[in-house]
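**Q** I'd like to ask you about the structure that follows.
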Amino acid sequence: MALQRTNQELSMGITERSNCDLRNAQAQASQLQSERDLLKEDLARVEARMKELQMEYSNALAAADNARAQHKHYKDTVAKERALRRQTLSGGEAEGARLATAEAQAAREVRARKDAEQRLAAAELQVQQLRAALDEQRDLAARSQDSARDKERVATATSQQLSEAQVQLAQERMRIAALTAQVQELERGISEAGAREAALEEQCARTEARLQQRLEAAEARASAALLDDARYREKCSGVSFDQDNPDEMEVGICLHLVASAYIRAEVRVPLNLTHPI
């Protein structure tokens, strides 16, 4: 019983420890899975933001190209107007009016050129900012991917450890089953040995009782034989024979031999202690 209790306690301890390790591994795997899902969501948001920044960058580049084209057009227009003004300096009032108009238009174009230059500078600044933001988002995406790969490796290792723990648990259960079978076999052997010992003790008790009875009977017969021997000795010693008469002497010897044989037959105990009973 003590061996069975010890085996049960050992089995319960191993099972509880294995279940605890299994629960911890499952909780860790679930936590890593949640973190991996969060990283995937963050990576998706970063990629979406990168696409938006790329679109803004493309739009800013297009706006900068448009501003450069307008600036070039304004410069060409101013150059043409200046050439016309130089050609018409010697003309009349009509030429003067046209020159004034050209100068006014040139002034407007100068202002437009300044505005275009300002817009171009702002567009270039925005492009630089967008490039910096895009580089930052790319770095963040790379770090997120590295972290996701690390989490994936940890999750894979945890899954492998979980599988190994499950295999060890199965092996421990098989070993516990084998130990339980051995314990049951030992208990059956102990029970059978106890039963055999009890049967042998009972048989020994019965044999001892029979031997005691036979010994008592033998002692009683021996006592009776001794009494008879004493009685016959008295009888034999009280009978007198004539030594000169051979017949009487022969009768006395026969009586003495018969008495001695009877006494020996009464005293002999036919007991064989080694014989099975």
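All letters in the sequence shown, in the order written, are residues 1 to 277 by UniProt numbering. Glycine is no exception: its CB is placed at the ideal position from the N, C-alpha and C atoms.
1) Quick one, are the C-beta atoms of Gln137 and Met50 less than 9 Å apart?
2) Using CA atoms only, rank isn't needed, just tell me which of Ser159, Ala224, Ala220 and Ala177 is closest to Ala25.
3) Out of curiosity, what's the CA-to-CA distance linking Ala224 and Arg210?
4) Given a cut-off of 9 Å on the beta-carbon distance, is the pair Arg153 and Thr15 in contact?
5) Quick one: Cα of Lys75 to Cα of Glu52, how far?
6) Check whether the Cβ atoms of Ala155 and Arg17 sit closer than 9 Å, and answer yes or no.
7) From Ala142, Leu130, Arg143 and Val78, pick the residue whose C-alpha is nearest to that of Arg111; which is it?
8) Report the residue from Gln28, Gln212, His71 and Ala133 whose alpha carbon sits nearest the alpha carbon of Asp115.
9) Buried or exposed, going by whether 16 or more other CB atoms sit within 10 Å of the CB of Ala67?
10) With a CB to CB cut of under 7 Å and the five nearest residues on each side skipped, what residues in its chain are close to Met55?
11) For Ala60, count neighbouring Cβ atoms within 10 angstroms of its own Cβ and tell me buried if that reaches 16, exposed if not.
12) CB Leu43 to CB Ala141, shorter than 9 Å?
13) Can you give me the C-alpha to C-alpha distance between Ala198 and Glu219, rounded to a whole angstrom?
14) Between Arg233, Ser144, Gln203 and Leu227, which lies nearest to Cys39 when the distance is taken from Cα to Cα?
15) Rounded to whole angstroms, how far is the Cβ of Leu169 from the Cβ of Ala29, which I believe are closer than 8 Å?
16) Exposed or buried, which one is Leu130 when buried takes at least 16 other CB atoms within 10 Å?
17) Can you tell me whether Ala106 is helix, strand or coil according to DSSP?
18) Straight-line CA distance for Ala133 to Asp139?
19) Distance check for Met12 and Arg5, CA to CA, integer angstroms please.
20) To the nearest angstrom, how far is the alpha carbon of Glu185 from that of Gln171?
21) If you drop the 5 nearest sequence neighbours on each side, which residues of the same chain put their C-beta closer than 8 Å to that of Lys151?
22) Give me the residue from Ala69, Ala123 and Glu109 with the minimum Cα distance to Ser58.
23) Would you mind working out which of Gln166, Arg113 and Ala64 sits nearest Leu125, comparing C-alpha positions?
**A** By the coordinates alone:
1) yes
2) Cα-wise, what sits closest to Ala25 is Ser159.
3) 21 Å
4) No, the Cβ-Cβ distance between Arg153 and Thr15 is not below 9 Å.
5) Here the alpha carbons of Glu52 and Lys75 stand approximately 34 Å from one another.
6) no
7) Val78
8) His71
9) With 16 or more other Cβ atoms inside 10 Å of its own Cβ, Ala67 counts as buried.
10) none
11) buried
12) yes
13) 31 Å
14) The amino acid at residue 39 is misidentified as Cys; the sequence shows Leu. For Leu39, the nearest C-alpha among the options comes from Ser144.
15) About 16 Å separates the two Cβ atoms, so there is no contact after all.
16) buried
17) helix
18) 10 Å
19) 10 Å
20) 21 Å
21) So the qualifying residues of the chain are Leu32, Glu35, Arg36 and Leu39.
22) Ala123
23) Ala64
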